[in-house]
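Below is one structure; the comments refer to it alone.
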Amino acid sequence: GQNIDQPTEMTATEGAIVQINCTYQTSGFNGLFWYQQHAGEAPTFLSYNVLDGLEEKGRFSSFLSRSKGYSYLLLKELQMKDSASYLCAVSANQAGTALIFGKGTTLSVSS
Amino acid sequence: GAGVSQSPSNKVTEKGKDVELRCDPISGHTALYWYRQRLGQGLEFLIYFQGNSAPDKSGLPSDRFSAERTGESVSTLTIQRTQQEDSAVYLCASSITSGGFSDTQYFGPGTRLTVL
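Next up, the structure:
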């Protein structure tokens, strides 16, 4: 079966660093995506990993270990506007198909 | 347009009525996806169109749900005889094609469907 797990909720304070973990078990693997979704809005693309290692993009970084079926999203210098849901999604089909999404992690940033 | 657009943004209907939801993908994107997001839940895949290939309908929850796409443009998701359990936000996404990074999906703002 296809399964993607991530924590339901996390809290952090402004200026801190937070790591959101994602583990996956899928029939295939063609890349892992992280999306950000603010309440009442559409998901927006944050990052894509297909090879092992760390991809850095400004305050956000994403890590992948294919052998462990594991990824994390690292958010640095947290700001209030980072309060949102963070969705982990896997492209599991080499031929291309819809992404398989986790249920999302709701991050609350407080001052 | 610059992004994926969907209409209507909100739809309130009575149980048993049919509804049509529309999606305009980003120009040039051959792949189009429909998802459903119930309150507090993750995105649930419904159907996927890729060019002129037969659509992947494996996510449709029942035969009350159907979707069409005209070429590589507009798609319509139809829900017949709506039930209260159909209440959700219906999200449409498009991507350049399928496979790898080009799977990056760009989402529309969604249609919030409420079935009374």
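Residue numbers (the working numbering), protein chains in the order written: chain A, 1 to 111; chain B, 1001 to 1116. Every residue, glycine too, gets a C-beta built ideally from N, C-alpha and C. A quick note: this is a predicted structure, and the numbers were derived from the prediction, not measured.
Comparing alpha-carbon positions, which option in the options lies nearest residue i?
{"i": "Leu-1116 (chain B)", "options": "B:Ser-1009, B:Ser-1007, B:Gly-1016", "result": "B:Gly-1016"}
{"i": "Thr-26 (chain A)", "options": "A:Lys-57, A:Val-18, A:Asp-5, A:Glu-55", "result": "A:Asp-5"}
{"i": "Gln-79 (chain A)", "options": "A:Val-18, A:Pro-7, A:Thr-8, A:Gly-1", "result": "A:Val-18"}
{"i": "Leu-1113 (chain B)", "options": "B:Glu-1014, B:Tyr-1106, B:Gly-1040", "result": "B:Glu-1014"}
{"i": "Gly-1040 (chain B)", "options": "A:Val-109, A:Thr-105, A:Ser-110, A:Ser-111", "result": "A:Thr-105"}
Could you tell me the distance, in whole angstroms, from the CA atom of residue i to the CA atom of residue j?
{"i": "Ala-39 (chain A)", "j": "Gly-69 (chain A)", "result": "28 Å"}
{"i": "Tyr-48 (chain A)", "j": "Ile-100 (chain A)", "result": "14 Å"}
{"i": "Asn-30 (chain A)", "j": "Glu-41 (chain A)", "result": "27 Å"}
{"i": "Met-10 (chain A)", "j": "Gly-1071 (chain B)", "result": "43 Å"}
{"i": "Pro-1055 (chain B)", "j": "Glu-1068 (chain B)", "result": "9 Å"}
{"i": "Arg-1081 (chain B)", "j": "Glu-55 (chain A)", "result": "46 Å"}
{"i": "Ser-1007 (chain B)", "j": "Leu-1021 (chain B)", "result": "6 Å"}
State the start and end residues of the unbroken beta strand (DSSP E) segment that holds residue i.
{"i": "Val-90 (chain A)", "result": "84–90"}
{"i": "Lys-57 (chain A)", "result": "53–57"}
{"i": "Ser-47 (chain A)", "result": "44–49"}
{"i": "Gln-19 (chain A)", "result": "18–25"}
{"i": "Ile-1026 (chain B)", "result": "Note, Ile-1026 (chain B): premise wrong, no beta strand (DSSP E); not H, not E."}
Quick one: what does DSSP say residue i is sitting in, helix, strand or coil?
{"i": "Glu-1044 (chain B)", "result": "strand"}
{"i": "Glu-1085 (chain B)", "result": "helix"}
{"i": "Lys-1015 (chain B)", "result": "coil"}
Contact check, residue i vs residue j under 8 Å by CB: the rounded distance?
{"i": "Gln-1049 (chain B)", "j": "Leu-1032 (chain B)", "result": "The sequence shown places Phe at residue 1049 (chain B), not Gln. Yes, they are in contact, since the Cβ atoms of Phe-1049 (chain B) and Leu-1032 (chain B) sit about 5 Å apart, within 8 Å."}
{"i": "Leu-1046 (chain B)", "j": "Gln-1037 (chain B)", "result": "Contact flag wrong, Cβ pair sits at about 11 Å."}
{"i": "Thr-1097 (chain B)", "j": "Lys-1011 (chain B)", "result": "Contact flag wrong, Cβ pair sits at about 30 Å."}
{"i": "Tyr-72 (chain A)", "j": "Asn-21 (chain A)", "result": "5 Å"}
Does the ligand HEM have even one heavy atom less than 7 Å from the beta-carbon of residue i?
{"i": "Glu-41 (chain A)", "result": "Within the structure as shown, the ligand HEM is missing, as the structure has no ligands at all."}
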